[in-house]
Amino acid sequence: MFIPRSRVKDVLSELHGGPSGGHFGVNKTLNKVRQRFYWLQARTDIEKWCRQCDTCAASRVPRTRNRGQMHQYNVGAPFERIAIDIAGPFPRSDQGNRYLLIAMDYFTKWPEVYAIPNQEASTIAEVLVANFFCRFGIPRELHSDQGRNFESQLLQEVLQRLGVSKTHTTPFHPQSDGMVERYAKTIGTLAEGRRIPPEGLG
Numbered sequence: 001m002f003i004p005r006s007r008v009k010d011v012l013s014e015l016h017g018g019p020s021g022g023h024f025g026v027n028k029t030l031n032k033v034r035q036r037f038y039w040l041q042a043r044t045d046i047e048k049w050c051r052q053c054d055t056c057a058a059s060r061v062p063r064t065r066n067r068g069q070m071h072q073y074n075v076g077a078p079f080e081r082i083a084i085d086i087a088g089p090f091p092r093s094d095q096g097n098r099y100l101l102i103a104m105d106y107f108t109k110w111p112e113v114y115a116i117p118n119q120e121a122s123t124i125a126e127v128l129v130a131n132f133f134c135r136f137g138i139p140r141e142l143h144s145d146q147g148r149n150f151e152s153q154l155l156q157e158v159l160q161r162l163g164v165s166k167t168h169t170t171p172f173h174p175q176s177d178g179m180v181e182r183y184a185k186t187i188g189t190l191a192e193g194r195r196i197p198p199e200g201l202g
């Protein structure tokens with residue numbers, strides 16, 4: 001649909017920052033626009049809109065720190081190596097959930113997202129075993145950052161009994177679990193200010 005210049009602001013306000021927007025970058029916003037609308041110099045307008053968006057500016061991470069060398073992991077089969085992270089807190093749902101536990105397969109990049117009430121190790125272990133492991137099988141390796149809940153003795157013992165090797169990022173390579181962290185950031189942007197559904201985000 002071709003739209004006049006007078007409607008451009010309304011369209012960008014909805015598709016970039018509205019309920020279905022997500023405050024994505026230029027390319028993703030442009031793709032969403034092109035699915036429904038057309039106007040001259042759309043890319044230029046979207047670049048300017050994203051650059052001037054206060055919400056996007058507040059969420060940008062400074063990139064001035066020195067980074068260590070990134071590591072590439074070799075994974076031989078689906079669901080052999082899993083990365084986990086947590087997004088939240090969000091407004092409490094009717095079921096009492098405030099966080100999202102994200103488990104992502106390194107081989108297929110397939111994400112599973114589970115709504116959880118807290119970040120306790122016992123909650124994480126229960127959800128992983130009952131939902132992820134029972135559905136996809138027990139992985140050889142589980143990777144996370146060095147959060148207290150992920151490094152707890154309880155979770156370590158559960159994984160040890162199941163024969164799962166636990167790995168984590170190091171201070172020198174904090175970006176080595178960047179895949180799941182990027183997804184968690186995207187989920188956090190989409191869910192910001194909203195209650196999360198009881199089944200998580202599929």
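Quick note: the sequence shown uses the working numbering, first residue 1, plus one each step. Cβ coordinates follow ideal geometry from the N, Cα and C atoms, glycine included.
Nearest to residue i (by Cα), restricted to the options the options
i: residue 145; options: 178, 130 and 78; result: 178
i: residue 78; options: 93, 105, 94 and 86; result: 105
i: residue 152; options: 16, 166 and 30; result: 166
i: residue 115; options: 109, 126 and 108; result: 126
i: residue 150; options: 98, 118, 45 and 93; result: 118
i: residue 190; options: 143, 88 and 6; result: 88
i: residue 52; options: 9, 129 and 161; result: 9
i: residue 168; options: 141, 161 and 158; result: 141
i: residue 57; options: 17, 30 and 42; result: 17
Unbroken beta strand (DSSP E) run spanning residue i, endpoints
i: residue 127; result: From DSSP, residue 127 is part of no beta strand (DSSP E) but of the alpha helix (DSSP H) over 121-127.
i: residue 168; result: 165-168
i: residue 103; result: 99-105
i: residue 130; result: Neither: residue 130 is in no beta strand (DSSP E) and is coded neither H nor E.
C-beta atoms of residue i and residue j nearer than 7 angstroms
i: residue 180; j: residue 102; result: yes
i: residue 3; j: residue 39; result: yes
i: residue 33; j: residue 15; result: yes
i: residue 154; j: residue 121; result: yes
i: residue 24; j: residue 1; result: no
i: residue 162; j: residue 187; result: no
i: residue 112; j: residue 90; result: no
i: residue 12; j: residue 49; result: yes
Assigned exposure category for residue i - 16 Cβ within 10 Å defines buried
i: residue 94; result: exposed
i: residue 110; result: exposed
i: residue 55; result: exposed
i: residue 81; result: buried
i: residue 29; result: buried
i: residue 108; result: exposed
i: residue 31; result: exposed
i: residue 22; result: buried
The alpha helix (DSSP H) enclosing residue i, as first and last residue numbers
i: residue 77; result: First-last for residue 77: undefined, no H or E at that position.
i: residue 157; result: 153-162
i: residue 16; result: 5-17
i: residue 142; result: No alpha helix (DSSP H) contains residue 142, which is instead part of the beta strand (DSSP E) from 141-144.
i: residue 46; result: 42-51
i: residue 31; result: 26-34
C-beta neighbour in chain D for residue i, strict 7 angstroms
i: residue 37; result: No chain D appears in the structure shown, which is made up of a single protein chain.
Closer than 6 angstroms: residue i CB and nearest the ligand HEM heavy atom
i: residue 104; result: With respect to the ligand HEM, the structure shown offers nothing to examine, as it has no ligands at all.
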